[in-house]
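Everything on this sheet refers to the single structure shown next.
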Amino acid sequence: MTTLIRGGTVVNADRAFRADVLCDGDKIVAVGENLEAPASARVIDAGGQYVMPGGIDPHTHMNLPFMGTVTEDDFFTGTAAGLAGGTTTIIDFVIPAPQQNLIDAYRQWRQWAARSAGDYSFHVAITWWDDTVHRDMGILVRDHGVNSFKHFMAYKNAIMADDETLVKSFRRSLELGAIPTVHAENGELVYQLQQDLLRQGLTGPASHPLSRPPAVEAEAANRAIAIANVLNTPVYIVHVSCAESLEAITRARSHGQRVYGEALAGHLVIDESVYQSEDFAYAAGHVMSPPFRSKHHQKALWDGLQSGNLHTTATDHCTFCAEQKAAGKDDFTRIPNGCGGVEDRMAVVWDAGVNTGGLTPSEFVRVTSTNAAQIFNIYPRKGVIAVGADADIVVWDPQGTRTISAKTQFAKGGFNVFEGRTVKGIPSTTVAAGKVVFQHGQLMAVEGAGRHIDRPAFTHSTQGA
Ligand code: URQ
Ligand code: ZN
Ligand code: ZN
184 MTTLIRGGTV VNADRAFRAD VLCDGDKIVA VGENLEAPAS ARVIDAGGQY VMPGGIDPHT
244 HMNLPFMGTV TEDDFFTGTA AGLAGGTTTI IDFVIPAPQQ NLIDAYRQWR QWAARSAGDY
304 SFHVAITWWD DTVHRDMGIL VRDHGVNSFK HFMAYKNAIM ADDETLVKSF RRSLELGAIP
364 TVHAENGELV YQLQQDLLRQ GLTGPASHPL SRPPAVEAEA ANRAIAIANV LNTPVYIVHV
424 SCAESLEAIT RARSHGQRVY GEALAGHLVI DESVYQSEDF AYAAGHVMSP PFRSKHHQKA
484 LWDGLQSGNL HTTATDHCTF CAEQKAAGKD DFTRIPNGCG GVEDRMAVVW DAGVNTGGLT
544 PSEFVRVTST NAAQIFNIYP RKGVIAVGAD ADIVVWDPQG TRTISAKTQF AKGGFNVFEG
604 RTVKGIPSTT VAAGKVVFQH GQLMAVEGAG RHIDRPAFTH STQGA
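To convert, take the position in the sequence shown, counting from 1, and add 183; that gives the numbering used here.
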């Protein structure tokens, strides 16, 4: 299949320029002005639009068993929703239960992900430690294209990694040429604050943010950065939600430490007032961790993206329906944590970032695609419009508008944290692996068409795997 995207402005992280893009099969084969294509080629008119690398969402949870239930979006519906929003690759998470063999868990997630409509890759969470974990991390890097290991510093009595696990896993990651990533919240403090609130009878969702104030996140961010500094490993902090965590990242980077930060589209535009709603379903629908914060923190996150101290945007797409969220009707600690967003991330970041002058189109590409590709070592296969790259392309209509709603979304869960937000700047066409999968509101996602993307180790391993 040959596809010619004609008349648009190509936007890469380094520059924007007028060019046509020719795809043959699943690769880009030519970028330049006035390209010719065979008569059989599908031609997409990109006049007046931007032609950008397909979005990469480095933080999703499709089909996740969590807090006694399983997310509403599986790998087909979740990746399909991403394609509708211009995201052509997700990096999801294998999250072994404590004591579960890592390879067994990895194989389970690979089975679930076989349904994907778009490309996918996996971070693997280290939720416990013994010699088999040390061994299996090596097997995952050597044989399965894993180059990042996740550590939940929250979720005590579940998947929380203590300091011993953090130190041993960070050290093993360095040996293997893999990058450690963290969910930075002090799980012990969260647990104690939760118990305090419950003892006071404060059982509603309004207590969720009270149990996870910014200081609880900042302590963990500082600790993860300190551990990485002592062990001389890089570290990537997921869903940075507050100014204090950003300050820790900025300080470390100013001293030359290799620390990366991720901002969620939700944390960039939604504030903590959502938890004050009398409507349980509405407030509980916004229960995720870290929680949505005050506007002061949103400004800090935008400053972080614009200054280059935050590097990627993601969604932490982890959808639960109202019935699932109602598990916490009488105890907020039992509300499954997670919100959606994979379908809306790029339009929300464009509308709130580019339309306001905060980000240039190239900076938008950098934080929605290129940086994730470079940090997780799949650049230039992904994250750039260039000859030889995968034909993952979003044709972006800067004049197009859409009002986001659960009523019209492709994602499951029946709730949308961006409900009612009208965005200007939307995908008109999404091309994934050279195929048109979304165009003018029509989704043509194909179950199973997505591919697992191996992510090689960053450096020659210094130790045997
Ligand atoms: O913590 C995470 O990243 C997962 C379990 C999704 N849930 C959430 O509240 N962020
Ligand atoms: Zn998390
Ligand atoms: Zn997550």
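Just so it is clear, CB atoms sit at the ideal spot from N, CA and C, and this is done for glycine as well.
G215 to T310, Cα distance in whole Å? As a first step, residue 215 is located in the sequence shown; it is residue number 32 there, counting from the start. As a first step, residue 310 is located in the sequence shown; it is residue number 127 there, counting from the start. Using only the alpha carbons, I get a separation of about 48 angstroms.
Measuring alpha carbon to alpha carbon, tell me which of L414, A556, F258, T496 ends up nearest E445. Mapped onto the sequence shown, residue 445 falls at position 262. When each option's Cα is compared against that of E445, the closest is T496.
E445 - containing beta strand (DSSP E), residue span: For the purposes of this step, residue 445 is taken as residue 262 along the sequence shown, with counting starting at 1. 442 to 447 is the extent of the beta strand (DSSP E) around E445.
Any non-hydrogen atom of ligand 3 closer than 7 angstroms to D499 Cβ: Within the sequence shown, the letter at position 316 stands for residue 499. Yes, the Cβ of D499 comes within 7 angstroms of a heavy atom of ligand 3.
Could you check whether the stretch 585 to 601 touches the stretch 263 to 272, counting it as contact only if at least three pairs of C-beta atoms, one from each stretch, sit closer than 8 angstroms? yes
Comparing C-alpha positions only, which one of Y562, D287, T260 sits nearest to V316? Within the sequence shown, residue 316 is the residue found at index 133, counting from 1. Out of Y562, D287, T260, D287 has the C-alpha closest to the C-alpha of V316.
For N330, is the classification buried or exposed, using 16 other Cβ atoms within 10 angstroms of its Cβ as the cut-off for buried? Indexing the sequence shown from 1 puts residue 330 at position 147. N330 should be labelled buried.
Reduced DSSP secondary structure (H/G/I, E/B, other) of V550: What you label residue 550 is simply residue 367 of the sequence shown in a count that begins at 1. Here V550 sits in helix by DSSP.
Would you say H450 touches ligand 3, meaning its beta carbon is less than 7 angstroms from a heavy atom? Stepping through the sequence shown from its first residue, residue 450 is reached at position 267. Incorrect: H450 has no Cβ contact closer than 7 angstroms to ligand 3.
Rounded to whole angstroms, what is the Cα-Cα separation between V144 and S428? The requested residue 144 is not part of the displayed model; the chain covers only 184 to 648.
So the beta strand (DSSP E) H306 belongs to, where does it begin and stop? Here the question's residue 306 lines up with position 123 in the sequence shown. It spans 302 to 308 - the beta strand (DSSP E) in which H306 sits, taken as one unbroken run.
Closer than 7 angstroms: is that where the CB of V421 sits relative to any heavy atom of ligand 2? For the purposes of this step, residue 421 is identified with residue 238 of the sequence shown, where counting begins at 1. Yes, since a heavy atom of ligand 2 falls inside the 7 angstroms radius drawn around the Cβ of V421.
CB G301 to CB T254, shorter than 8 angstroms? As a position in the sequence shown, residue 301 is number 118, starting the count at 1. As a position in the sequence shown, residue 254 is number 71, starting the count at 1. Contact flag unset, no.
Do V577 and G237 have their C-beta atoms closer together than 8 angstroms? As a position in the sequence shown, residue 577 is number 394, starting the count at 1. As a position in the sequence shown, residue 237 is number 54, starting the count at 1. Yes, the pair counts as a contact, with Cβ atoms nearer than the cut-off.
Starting from T423, trace the beta strand (DSSP E) in both directions and tell me its first and last residue. As a working mapping, residue 423 is identified with position 240 in the sequence shown. The residue you asked about is not Thr; residue 423 is Val in the sequence shown. Premise fails: V423 is in no beta strand (DSSP E) and is neither H nor E.
Spatial neighbours of D319 within its chain, please: C-beta separation below 6 angstroms, excluding the five flanking residues on both sides. Residue 319 sits at position 136 when you count from the first residue of the sequence shown. Contacts found: L285, I286.
DSSP bridge partner residues for C206 (one or two, in chain order): In the sequence shown, residue 206 corresponds to position 23, counting from 1. Paired residues: T186, I211.
Taking 7 angstroms as the cut-off, is the C-beta of S472 nearer than that to any heavy atom in ligand 2? Here the question's residue 472 lines up with position 289 in the sequence shown. Yes, the Cβ of S472 comes within 7 angstroms of a heavy atom of ligand 2.
Between T498, N520, F641, A367, which has its C-alpha nearest T551's C-alpha? The residue labelled residue 551 in the question sits at position 368 within the sequence shown. Of T498, N520, F641, A367, the residue nearest in Cα terms is T498.
Continuous beta strand (DSSP E) stretch holding R225: start and end: One-based indexing of the sequence shown puts residue 225 at position 42. It spans 225 to 228 - the beta strand (DSSP E) in which R225 sits, taken as one unbroken run.
Taking G536 as the reference, which of S588, K607, G603 has the closest Cα? What you label residue 536 is simply residue 353 of the sequence shown in a count that begins at 1. Nearest of S588, K607, G603 to G536, Cα basis: K607.
In the DSSP assignment, the alpha helix (DSSP H) including Q489 goes from what residue to what residue? As a working mapping, residue 489 is identified with position 306 in the sequence shown. First-last of the alpha helix (DSSP H) with Q489: 478 to 490.
Less than 6 angstroms between C-beta atoms, sequence neighbours within five positions excluded: which residues of the same chain meet that for A632? Indexing the sequence shown from 1 puts residue 632 at position 449. Here the set comprises A300.
What did DSSP end up calling L626 once you bin it into helix, strand or coil? Translated into the one-based positions of the sequence shown, residue 626 becomes position 443. Three-state result, L626: strand.
Starting from V577, follow its DSSP beta bridges and name the residues at the other end. For the purposes of this step, residue 577 is identified with residue 394 of the sequence shown, where counting begins at 1. The partner list for V577 (beta bridge, DSSP) reads M235, T613.
How far does the alpha helix (DSSP H) with S356 in it reach, from first residue to last? Position 173 of the sequence shown, counting from 1, holds the residue named residue 356. 346 to 359 is the span of the alpha helix (DSSP H), which, as asked, contains S356.
Given 7 angstroms as the limit, tell me if H306 has its C-beta closer than that to any heavy atom belonging to ligand 3. Working through the sequence shown from its first residue, we reach residue 306 at position 123. Answer for H306: no, Cβ out of range of ligand 3.
Under the DSSP definition of a beta bridge, which residues are partnered with R604? On the sequence shown, position 421 is the one that residue 604 refers to. Answer is none; R604 lacks a bridge partner.
Under the assumption that S424 contacts H450 (Cβ atoms under 8 angstroms), give the Cβ distance between them as a whole number of angstroms. Taking the first residue of the sequence shown as position 1, residue 424 is located at position 241. Taking the first residue of the sequence shown as position 1, residue 450 is located at position 267. So it is a contact: roughly 5 angstroms between Cβ atoms.
Answer yes or no: the CB of G215 versus the heavy atoms of ligand 1, is any distance below 7 angstroms? In the sequence shown, residue 215 corresponds to position 32, counting from 1. No, since every heavy atom of ligand 1 falls outside the 7 angstroms radius drawn around the Cβ of G215.
To the nearest whole angstrom, what separates the beta carbons of Q481 and D454, a pair I think is in contact under 8 angstroms? For this step, residue 481 is matched to residue 298 along the sequence shown. For this step, residue 454 is matched to residue 271 along the sequence shown. That belief holds up - the Cβ atoms of Q481 and D454 are roughly 7 angstroms apart, short of 8 angstroms.
Would you check if there are 3 or more beta carbon pairs closer than 8 angstroms linking the stretch 504 to 519 to the stretch 221 to 229? no
Between which two residues does the alpha helix (DSSP H) containing R293 stretch? Here residue 293 refers to the residue found at position 110 of the sequence shown. Run containing R293: 285 to 296, per the alpha helix (DSSP H) assignment.
Do Y303 and F258 count as a contact pair if the criterion is CB distance below 8 angstroms? To locate residue 258, count along the sequence shown from 1; it is residue 75. To locate residue 303, count along the sequence shown from 1; it is residue 120. Yes, these two residues count as a Cβ contact at 8 angstroms.
Among all the DSSP beta bridges, which residues are the ones paired with D454? In the sequence shown, counting from the first residue as 1, residue 454 sits at position 271. Note: D454 sits in a beta bridge opposite R476.
Candidates F200, P221, G360: closest to R638 by CA position: Translated into the one-based positions of the sequence shown, residue 638 becomes position 455. R638 has its Cα closest to that of G360, out of F200, P221, G360.
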